[in-house]
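Engineer: Have a look at this one.
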Amino acid sequence: MNLWDERYSQSGYAYGTEPSQFLVEQINWLNLKSPLSILSLGEGEGRNAVYLATLGHHVHAVDGSAVALLKAQDLAASRDVRIETQLTDLSNFVIEKRYNIAVMIFCSGSVIQDT
Ligand SMILES: C[S@@+](CC[C@H](N)C(=O)[O-])C[C@H]1O[C@@H](n2cnc3c(N)ncnc32)[C@H](O)[C@@H]1O
75 MNLWDERYSQ SGYAYGTEPS QFLVEQINWL NLKSPLSILS LGEGEGRNAV
125 YLATLGHHVH AVDGSAVALL KAQDLAASRD VRIETQLTDL SNFVIEKRYN
175 IAVMIFCSGS VIQDT
């Protein structure tokens, strides 16, 4: 359990279930052809990964909160899409070359410490 887990343990979705408006605008502007392989760093509870998956992309969502990623999988199931999730500390995460693009929304990165 870390501070992010505690935040996400509250009922509901801390940042909602709708995607970041900035992400939506950028994706529309890029006019990407799906399916792409997209890495989402610091994904949280899934709102952005699920949005990208609904567009037909393969999304690998990583975050340091296990609680957040479980909720991300719940959100994906509720929207009838699949996302790949991975619990990881970004400070140790090595980005593989398999992705077409990477997104990082509202995440400056912080030290993940057990409470
Ligand atoms: C403000 S939230 C934003 C979540 C999501 N990007 C969104 O827009 O809804 C920041 C997220 O970054 C994650 N995070 C922060 N530092 C991290 C680190 N060092 N490693 C992994 N995840 C981290 C937190 O767990 C949290 O889910």
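Its first residue numbered 75, the sequence shown is counted upward by one per residue in the working numbering. Backbone N, C-alpha and C fix where the C-beta goes; we use that ideal spot for every residue, glycine too.
1. Determine the direct distance from the alpha carbon of Arg153 to that of Thr128, and round the result to whole angstroms.
2. Measure the alpha-carbon distance for Gly86 versus Ala142 and round it to whole angstroms.
3. Over what stretch of residues does the alpha helix (DSSP H) that includes Asp79 continue unbroken?
4. Considering only DSSP beta bridges, list what Asp154 is partnered with.
5. Taking the C-alpha atoms as reference points, what is the distance between Ser111 and Asn166?
6. Out of Ala146, Ser182, Glu80, which has the shortest C-alpha to C-alpha gap to Gly118?
7. Could you tell me if Gly120 is buried or exposed, where buried requires 16 or more neighbouring beta carbons within 10 angstroms of its beta carbon?
8. Ends of the beta strand (DSSP E) at Ile101?
9. DSSP on Leu110, reduced to helix/strand/coil?
10. Considering Val124, what are the terminal residues of the alpha helix (DSSP H) in which it resides?
11. Secondary structure at Asp188, three-state DSSP: helix, strand or coil?
Structural biologist: If we stick to the structure as given:
1. Here residue 128 refers to the residue found at position 54 of the sequence shown. Here residue 153 refers to the residue found at position 79 of the sequence shown. Answer to the nearest angstrom: the Cα atoms are 8 Å apart.
2. Reading the sequence shown from its first residue, position 12 is the one you call residue 86. Reading the sequence shown from its first residue, position 68 is the one you call residue 142. For Gly86 and Ala142, the distance between alpha carbons rounds to 11 Å.
3. The residue given as residue 79 occupies position 5 in the sequence shown. 77-82 is the span of the alpha helix (DSSP H), which, as asked, contains Asp79.
4. In the sequence shown, counting from the first residue as 1, residue 154 sits at position 80. Answer is none; Asp154 lacks a bridge partner.
5. In the sequence shown, counting from the first residue as 1, residue 111 sits at position 37. In the sequence shown, counting from the first residue as 1, residue 166 sits at position 92. Taking the straight line from one Cα to the other gives about 21 Å.
6. By 1-based counting over the sequence shown, the position of residue 118 is 44. For the residues Ala146, Ser182, Glu80, the minimum Cα distance to Gly118 belongs to Ala146.
7. Reading the sequence shown from its first residue, position 46 is the one you call residue 120. With 16 or more other Cβ atoms within 10 Å, it is buried.
8. What you label residue 101 is simply residue 27 of the sequence shown in a count that begins at 1. Here Ile101 belongs to no beta strand (DSSP E); instead the alpha helix (DSSP H) covers 95-104.
9. As a working note, residue 110 is residue 36 in the sequence shown. Of the three classes helix, strand and coil, the one that applies to Leu110 here is coil, per DSSP.
10. Here residue 124 refers to the residue found at position 50 when the sequence shown is read from its first residue. Its alpha helix (DSSP H) spans residues 121-128.
11. Position 114 of the sequence shown, counted from the start, is the residue given in the question as residue 188. Correct three-state label for Asp188: strand.
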